[in-house]
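Data block below; observations after.
Protein chains: 2
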Amino acid sequence: MREVAILGAGLVPVEEHWERSLVDLAGEAVRLALEDSGLERVDSLILSNMLAAATGVAQLNLGAQVADWCGLRGIEAFKVEAACGSGGSAFRAGLIAVGSGHVDLALVVGVEKMSQTTGPATTAGLATAADADYEAAHGPSFVALNALIMRRYQHEYGWQHADFAPFSINAHANAARNPFARLRHPITEKEYARARMICDPINLLDSSPIGDGAAAVVLAPASQFRGEGRRPRVIVAGSGAATDSIAIHDRRQPTWLTAAERSSRQAYAQAGLGPEQIDFFELHDAFSIMAALSLEACGFAERGQGPRWGLEGFILPTGRLPISTHGGLKARGHPVGATGVYQVAEVARQLWGEAGPNQVPRAGIGMAQNIGGSGATILTHILRAG
Amino acid sequence: MREVAILGAGLVPVEEHWERSLVDLAGEAVRLALEDSGLERVDSLILSNMLAAATGVAQLNLGAQVADWCGLRGIEAFKVEAACGSGGSAFRAGLIAVGSGHVDLALVVGVEKMSQTTGPATTAGLATAADADYEAAHGPSFVALNALIMRRYQHEYGWQHADFAPFSINAHANAARNPFARLRHPITEKEYARARMICDPINLLDSSPIGDGAAAVVLAPASQFRGEGRRPRVIVAGSGAATDSIAIHDRRQPTWLTAAERSSRQAYAQAGLGPEQIDFFELHDAFSIMAALSLEACGFAERGQGPRWGLEGFILPTGRLPISTHGGLKARGHPVGATGVYQVAEVARQLWGEAGPNQVPRAGIGMAQNIGGSGATILTHILRAG
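Same order as they appear, the protein sequences are chains D and C. Quick note: the first sequence uses my numbering, first residue 765, plus one each step. Quick note: the second sequence uses my numbering, first residue 765, plus one each step.
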């Protein structure tokens, strides 16, 4: 496996893009990523999307569709899907394709269009990430499944709901400075406490907003593209992928993200470093409980002590381990099949020193973690400036 | 890229499996493929499926789901989708993963469950392989789009409907000897001519049947798994992937499969051989016109002369280039997202000399070609006994 670099990235603001189609959104991200990379063509396009088939866009074979739309007709193209972990999975497929020497230039684009779907249809669509026969068939929404985990976690470790507030407050504060974020307003502890209940104990401000969005990155062999000196190189130093049961009740410890532990260990081993060397972390805070669980499973917080990292301020932009530096899923927004690519692009922006008001100090090594389902598929990537 | 071998394969008969779930079908294919390979575990599972999200199974993240069901919880898993080209795309992703050294053992499993869906829902589901905005929105079914191509082809080259009969007759004759095939009865020229019209000029016996099915193969580095002498090794000698516009009207020549030409050239180049060295060919005969077009685009028949290969008997098991040796899509059946994996497994069975009554003579080098949409995504793989 040869070393792989990220040459450029393209982001579409996460919003309700009523006037734009799914393919148009993906095309915009691709155009921006190619421009940013100084390229006109790639060898392979790997697309991630979760819901286009399930909720009404009724378009499959989106890889070929988007390649053609972008003027790349003819190149290899396919779609990768692993629920909300689709983006990370597609990124890893691109990484392997370029790392193997199979292709020289790969474009990974994640796209999702959710606002044209009715609320109930969206809820049903998101529930396809749960076990259809043993979870969804009984009626719980995807929020409800996360609420079960959060309630159990509070029971086991004694945390109050208010102890999770720092995760959401940090995410909103960071999103307020990010032009690509969906929810660009800061929130207070009081607002967090009083937010509308969605599924006890998860309230509105524990939850990430859905949205329309697309993000793309260009991957190339590091040795062949040493850059033109205009920005530091970003190298993919480590990659890990692991799964767990989809159904929460099938797991030995529903409050421990086994696949996060496993995939982060793979990524640490490949990168030759440990959690103490990670400077910042784009984690999968679809719900605030998931931020706590990721911090624990990846070796940052002690077991059961994830919320302490929020309460102690470690997760702030100036803290020991800044997280959700662009707003995270919580406030940048969660266009489900695209999220994993947003995360990687945000890590790259930090390493390039191009995160503007979101720039964290000492951004030398960053990690991104993307989760499909309530912990069933987890991808971890470590990027470094090189 | 290191050389990759197929260690084993597992096939579920293509039928209406009313009593079995999609996950159960996939699990059966995985179990059989592992048994056939003499393995208990792999590093990565790559699943192909087209319609589970669109037509009512309502289960995404099928990679993790199937891995867990098969006792492989924890391993890397994801789904690849490229409409009816999903299986070939997943096989190529597995090939690249193993070839790169990223993983040592990959399992590629294709699965589709179509019989629980109503006819109109299936028709709508299959139409998601067409361009949603510029084709499907106008009402044509996927059959209708292929009928447009066939009509145009007949107009350009002067072939009569009866000239396509040998493709269907050969497929049915081969399927009659294949225990995994859906339509195990021979047909006659008269039956072909009198079959019920589906969409002029495509009649019932030009068309492949849908079905429930699953197929799996295990991939490993050829150097590390030299076999125990019980069967010849099967090496993946060449692989190609290319795309075209999804919408037929966007193509310069709707009767020419540009992506088949392109991907087969890639595969020939990688394998270091040409069409004249291919001993047999599992092509994507979803409709008889597609058999003709594949033979032309891959360099076998002259342009516009595909039907001649049927009329001359070249495609028979004893002919110059046996095709659809296990019945093809036409009669083995077309469980859409699984088909590409069936094709590869069938080529491997020929090369192992394990095709029983379907065995073709001199099976040293075989080719499989899988098509997504009406020619939008095309994967070509060349396998050889080694």
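All C-beta atoms, glycine included, are put in the ideal place defined by N, C-alpha and C.
Neighbouring residues, chain D, relative to residue i (Cβ below 8 Å)
| i | result |
| --- | --- |
| Ile-1010(C) | Asn-825, Ala-828, Gln-829 and Asp-832 |
| Gly-863(C) | Ser-864 and His-866 |
| Ser-987(C) | The contacting residues do not exist; Ser-987(C) stays about 16 Å from chain D at best. |
| Ala-893(C) | Leu-824 and Asn-825 |
| Ala-896(C) | Val-821, Ala-822 and Gln-823 |
Which residues DSSP lists as bridging residue i, in chain order
| i | result |
| --- | --- |
| Lys-843(D) | Leu-811(D) and Glu-845(C) |
| Gln-1133(C) | Thr-1144(C) |
| Glu-779(D) | Asp-976(D) |
| Ala-929(D) | DSSP output for Ala-929(D) lists no bridge partner at all. |
| Gly-772(C) | Val-982(C) |
| Ser-1184(D) | As displayed, chain D neither begins before 765 nor continues past 1150, which places residue 1184(D) out of reach and without an answer. |
| Val-998(D) | Ile-770(D) and Ala-1149(D) |
Residue i and residue j closer than 9 Å at C-beta
| i | j | result |
| --- | --- | --- |
| Gly-1002(C) | His-781(C) | no |
| Gly-1130(C) | Leu-1115(C) | yes |
| His-1090(D) | Ala-957(D) | no |
| Glu-799(C) | Gly-774(C) | yes |
| Leu-1075(D) | Pro-930(D) | yes |
| Ala-940(C) | Arg-948(C) | yes |
| Ala-1149(D) | Phe-989(D) | no |
| Pro-1121(C) | Asn-967(C) | no |
| Asp-807(C) | Leu-869(C) | yes |
| Gly-874(D) | Ala-978(D) | yes |
| Tyr-1106(C) | Gly-851(C) | yes |
| Ala-1055(C) | Ile-1079(C) | yes |
| Ser-987(D) | His-1098(D) | no |
| Thr-819(C) | Ala-885(C) | yes |
| Pro-965(D) | Ala-911(D) | yes |
| Leu-1057(D) | Tyr-921(D) | no |
| Ala-1006(D) | Thr-1141(D) | yes |
| Ser-1009(C) | Asp-895(C) | yes |
| Ala-841(C) | Ala-828(C) | yes |
| Asn-1085(D) | His-1048(D) | It should be pointed out that residue 1085(D) corresponds to Leu in this sequence rather than to Asn. No, the Cβ-Cβ distance between Leu-1085(D) and His-1048(D) is not below 9 Å. |
| Leu-815(C) | Met-814(D) | no |
| Val-844(D) | Val-981(D) | no |
| Pro-985(D) | Gly-858(D) | no |
| Leu-811(C) | Ala-790(C) | yes |
| Arg-1012(D) | Gly-903(D) | Per the sequence shown, the amino acid found at residue 1012(D) is Ile instead of Arg. Their beta carbons are not under 9 Å apart, which means Ile-1012(D) does not touch Gly-903(D) by this criterion. |
| Asp-927(D) | Pro-1071(D) | yes |
| Gly-1117(D) | Arg-995(D) | yes |
| His-936(D) | Ala-1132(D) | no |
| Pro-1081(C) | Val-1108(C) | no |
Contacts that residue i makes with chain C (C-beta to C-beta distance below 8 Å)
| i | result |
| --- | --- |
| Lys-843(D) | Val-844, Glu-845 and Ala-846 |
Residue i: contacting residues in chain D (beta-carbon distance under 7 Å)
| i | result |
| --- | --- |
| Ala-1140(C) | Asn-825 and Ala-828 |
| Ile-860(C) | Ile-860, Ala-861, Ser-864 and His-866 |
| Arg-837(C) | Thr-1007, Asp-1008 and Ser-1009 |
| Ser-853(C) | Phe-842 |
| Met-765(C) | Ser-864, Gly-865 and His-866 |
| Ala-1001(C) | Residues of chain D passing the Cβ test: none, with the nearest at roughly 15 Å. |
Under 9 Å by beta carbon: chain C residues contacting residue i
| i | result |
| --- | --- |
| Ala-900(D) | Ala-822 and Gln-823 |
Chain C residues whose Cβ lies nearer than 7 Å to that of residue i
| i | result |
| --- | --- |
| Ala-1005(D) | Glu-840 |
| Ala-857(D) | Ala-857 |
Contacts of residue i in chain D (Cβ-Cβ under 9 Å)
| i | result |
| --- | --- |
| Ser-879(C) | Within 9 Å Cβ-Cβ: nothing; Ser-879(C) doesn't reach chain D, min ~17 Å. |
Next item on the list: Could you tell me which uninterrupted beta strand (DSSP E) segments, each at least 3 residues in length, are contained entirely in the region 951–985 of chain C, listed from first to last along the chain?
Entry: Unbroken beta strand (DSSP E) runs of no fewer than 3 residues, entirely contained in the region 951–985 of chain C, are found at 961–963 and 977–985, following chain order.
Next item on the list: Starting from the N-terminal side, write out each stretch of the alpha helix (DSSP H) that is 4 residues or longer and does not extend beyond the region 1068–1144 of chain C.
Entry: The alpha helix (DSSP H) runs lying completely inside the region 1068–1144 of chain C and spanning 4 residues or more are 1070–1075, 1092–1096 and 1103–1116, given in chain order.
Notebook entry, point to check: What residue ranges within the region 855–917 of chain D form continuous beta strand (DSSP E) runs of no fewer than 3 residues, ordered along the chain?
Noted result: For the region 855–917 of chain D, whole beta strand (DSSP E) runs of length 3 or above, ordered along the chain, are 870–876.
Item checked: Near-chain E residues of the region 794–828 of chain D - C-beta to any C-beta below 7 Å -> Here chain E cannot be found, since the structure's protein chains are D and C.
Check: Quick one, which residues of the region 1016–1049 of chain C are near chain D if we go by CB-CB under 8 Å, in chain order?
Finding: Here the close residues are Thr-1022, Ala-1023 and Arg-1026.
Notebook entry, point to check: Listed in chain order, which residues of the region 1047–1076 of chain C have Cβ atoms closer than 7 Å to some Cβ of chain D?
Noted result: The residues in question: there are none.
Check: Going along the chain, which unbroken runs of the alpha helix (DSSP H) with 4 or more residues stay wholly within the region 1040–1070 of chain C?
Finding: Here the runs fully enclosed are 1052–1061.
Notebook entry, point to check: Just by C-beta distance, which residues in the region 1124–1138 of chain D are closer than 7 Å to chain C?
Noted result: Under the 7 Å Cβ criterion, the region 1124–1138 of chain D contributes Gly-1136 and Gly-1137.
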